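First residue of the sequence shown: 108, per our numbering; consecutive thereafter. Using N, Cα and C, we set each Cβ at its ideal position, and we do this for glycine too. Quantities reported herein were computed from a predicted structural model and do not represent experimental measurements. Step one of this worksheet: look at the structure below.
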Amino acid sequence: MISPEGSTVTFRRVPTEVRPRAILNFARKIEREVSKGRAFDCLITGDAELRRLNREFRGKDEPTDVLSFPVGGVCFSLPGNHARQAKAGPTTLGDVAISLARARTQARDFGHATEQEIRVLMLHGLLHLLGMDHETDRGQMARAEKRWRARLGLPNGLIERVRP
108 MISPEGSTVT FRRVPTEVRP RAILNFARKI EREVSKGRAF DCLITGDAEL
158 RRLNREFRGK DEPTDVLSFP VGGVCFSLPG NHARQAKAGP TTLGDVAISL
208 ARARTQARDF GHATEQEIRV LMLHGLLHLL GMDHETDRGQ MARAEKRWRA
258 RLGLPNGLIE RVRP
């Protein structure tokens, strides 16, 4: 559930190499700057949960690094991870789920910290919550992501990594 203070971040297990407060501060920053005050919830969990969510909601039986669920979909922040219809106001966008295992691997592969990769994934997920879709929008999301990464001091994003 969105807190009165804004976006939330929930860790299933808090990793030693990540500062939860720094990740929450980043979530609140992109809430203010990228989504213009519209809050979101972010779950940072493992591959098994991302795989289950990907299978259940996208029909893809494989783990992934980040998933986005607009308002009306899944809400992760309730105890026990019970799915529910979001009872959200017009300032709530939805939920983002991030695989910590994928974030660690991708951070190592691309030469930056896990915390930085979580930020890249969170931004990507938020852009999806804002209605962007890099698979269909002829580069609109890629351009927006690149612009925001530059402003936020983030390394290359997901879209750029898969393009030649």
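Can you name the start and end residues of the beta strand (DSSP E) that A214 belongs to?
-> If you look at A214, you'll find it isn't in any beta strand (DSSP E); it sits in the alpha helix (DSSP H) that goes 207-217.
Can you give me the start and stop residues for the beta strand (DSSP E) that A134 sits inside?
-> Looking at the DSSP string, A134 is not in any beta strand (DSSP E); the run it does join, the alpha helix (DSSP H), is 127-140.
Which residues in the same chain have their Cβ closer than 6 Å to the Cβ of E138, if we skip the five residues on either side of it in sequence?
-> For E138, the CB contacts under 6 Å within the same chain, skipping 5 residues up- and downstream, are G113, S114, A146 in chain order.
Leaving out five residues on either side along the sequence, give the residues of the same chain with a beta carbon under 6 Å from the beta carbon of P224.
-> For clarity, residue 224 is Glu in the given sequence; the question names Pro instead. Around E224: A210, Q213, A214.
Residue nearest to C149 in terms of C-alpha spacing, selected from E163, R162, I130, E140 | Of E163, R162, I130, E140, the residue nearest in Cα terms is I130.
R128 to T152 span [Cα, whole Å] = In this structure, the alpha-carbon of R128 lies about 16 Å from that of T152.
Cβ-based neighbour list, R119, same chain, cut-off 6 Å, excluding 5 preceding and 5 following | So the list reads T152, once near-sequence residues are dropped.
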